[in-house]
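Everything in the sequence shown is counted per our numbering, starting at 141 for the first residue and increasing by one.
Ideal Cβ positions, reconstructed from N, Cα and C, are used throughout, including at glycine.
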Amino acid sequence: MKRILLASGIFISISSFADPTGIYIGGGLGYGSQQANYLGSSNTDGTPALRAQFGYQFANWLDAELGWNYLTQGSNWNNLGTPSTTVYDFAFLPGFTLPATPITIFVRLGVDAVSANLNSSWYNQLISNSTTNFEYGAGVKVNIPETNTFVRLEYINYGAAPNNNNSNLTTTPTAILMTAAYVF
141 MKRILLASGI FISISSFADP TGIYIGGGLG YGSQQANYLG SSNTDGTPAL
191 RAQFGYQFAN WLDAELGWNY LTQGSNWNNL GTPSTTVYDF AFLPGFTLPA
241 TPITIFVRLG VDAVSANLNS SWYNQLISNS TTNFEYGAGV KVNIPETNTF
291 VRLEYINYGA APNNNNSNLT TTPTAILMTA AYVF
């Protein structure tokens with residue numbers, strides 16, 4: 141009798157945290173950091189960050205997604221201008237789901253196109269080149285039971301990109317984001 145009750149309890153707890161699979165759409169806000177490097181010296185500036193994402197949740201522990209990220213303008217460092225960065229990315233998010241919980245610890249592995257723009261009078265271009273990089277990160281995802289939604293807290297490093305076609309001036313954007321998505 142005890143075994144039947146134990147098996148029933150395990151089945152109920154696992155099914156109550158069943159992960160929805162399918163296409164998802166979402167977005168979020170966070171804190172972005174843009175490290176500007178110029179001829180050996182650097183400065184890091186924090187700014188608000190935005191993210192929109194579209195993906196597919198294969199299981200609670202595996203997602204694939206496309207994303208758009210924008211790190212707003214930082215401060216004018218060394219009179220070089222105020223950096224802002226746009227990132228388009230594609231990533232896989234494999235993870236490990238903690239037993240009998242809706243919590244998944246995951247890593248982010250992907251590629252992105254980083255476009256770092258420097259608004260200044262010294263470099264007067266309005267649009268900069270886009271640089272392809274590998275991106276990486278890690279985070280925690282919580283599937284909210286019976287709602288087809290999940291919430292993630294994650295760190296992402298997007299890799300360095302030159303500002304306004306000047307290889308001596310690069311920006312390395314990173315972000316800590318709180319995102320949410322609905323799975324269809």
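Checklist entry - When you compare only the Cα positions, how much space is there between Leu202 and Pro239? => result Spanning the two alpha carbons is a distance of roughly 15 Å.
Next on the checklist: Under DSSP, the beta strand (DSSP E) around Phe274 begins and ends at which residues?
Outcome noted: Segment Thr271 to Ile284, the beta strand (DSSP E) holding Phe274.
Item to check | Inter-residue Cα distance where the pair is Tyr236 and Ser215 | outcome: Here residue 236 turns out to be Phe, not Tyr, going by the sequence shown. Spanning the two alpha carbons is a distance of roughly 39 Å.
Checklist entry - Looking at Leu238 and the ligand GDP, is the gap between the Cβ and the nearest heavy atom below 7 Å? => result Only the bare structure without any ligand can be found here, which leaves the ligand GDP out of the picture.
Checklist entry - To which residues does DSSP link Gly250 through a beta bridge? => result Answer is Ala231 and Glu275, bridged to Gly250.
Checklist entry - From Gly180, Thr212 and Gly277, pick the residue whose C-alpha is nearest to that of Val247; which is it? => result For the set Gly180, Thr212 and Gly277, the Cα lying nearest the Cα of Val247 is the one of Gly277.
Checklist entry - Between the segment 192-199 and the segment 169-179, do three or more beta carbon pairs fall short of 8 Å? => result With a cut-off of 8 Å, the segment 169-179 and the segment 192-199 do not count as touching, because too few Cβ pairs lie within range.
Item to check | Same chain only: Cβ atoms within 6 Å of Phe232, ignoring 5 sequence neighbours per side | outcome: Closer than 6 Å at Cβ, skipping near neighbours: Ala204 and Leu249.
Item to check | Residue closest to Leu317, alpha-carbon to alpha-carbon, out of Tyr164, Ser182, Pro160 and Ser173 | outcome: Of the candidates Tyr164, Ser182, Pro160 and Ser173, the one whose C-alpha sits nearest the C-alpha of Leu317 is Ser173.
Checklist entry - In or out: Phe151 buried (at least 16 other Cβ within 10 Å) or exposed? => result Low local confidence applies: a pLDDT of 48 at Phe151 is under 50, so the model's placement there is unreliable, with the coordinate-based value given in what follows. Within a 10 Å sphere around the beta-carbon of Phe151 sit fewer than 16 other beta-carbons, which makes this residue exposed.
Checklist entry - Are the CB atoms of Thr272 and Ala253 nearer to each other than 8 Å? => result In contact: Thr272 and Ala253 (Cβ atoms closer than 8 Å).
Checklist entry - What are the boundary residues of the beta strand (DSSP E) that Gln174 is part of? => result Where Gln174 is concerned, the enclosing beta strand (DSSP E) stretches over Gly162 to Tyr178.
Checklist entry - What is the DSSP secondary structure of Ala189, reduced to helix, strand or coil? => result The three-state secondary structure of Ala189, taken from DSSP, is strand.
Item to check | CA-to-CA distance, Thr226 to Asn209, given in whole angstroms | outcome: Going by the C-alpha atoms only, they are around 6 Å apart.
Checklist entry - Do Val323 and Asn288 have their CB atoms nearer than 8 Å? => result Yes; because the gap between Cβ atoms is below 8 Å, this pair is in contact.
Item to check | Backbone CA spacing between Ala320 and Arg292 [nearest angstrom] | outcome: Between Ala320 and Arg292, the C-alpha separation is close to 6 Å.
Next on the checklist: Judging by CA-CA distance, which residue of Tyr196, Lys281, Tyr164 and Asn303 is the nearest neighbour of Glu294?
Outcome noted: Of the residues Tyr196, Lys281, Tyr164 and Asn303, the one whose Cα lies closest to the Cα of Glu294 is Lys281.
Next on the checklist: According to DSSP, simplified to helix, strand and coil, what is Trp201?
Outcome noted: In the three-state reduction of the DSSP assignment, Trp201 falls in the coil class, being assigned neither a helical nor a strand state.
Checklist entry - If you compare alpha carbons, which of Asn308, Ile296 and Ile243 is closest to Phe230? => result Comparing Cα-Cα distances from Phe230 to each of Asn308, Ile296 and Ile243, the minimum goes to Ile296.
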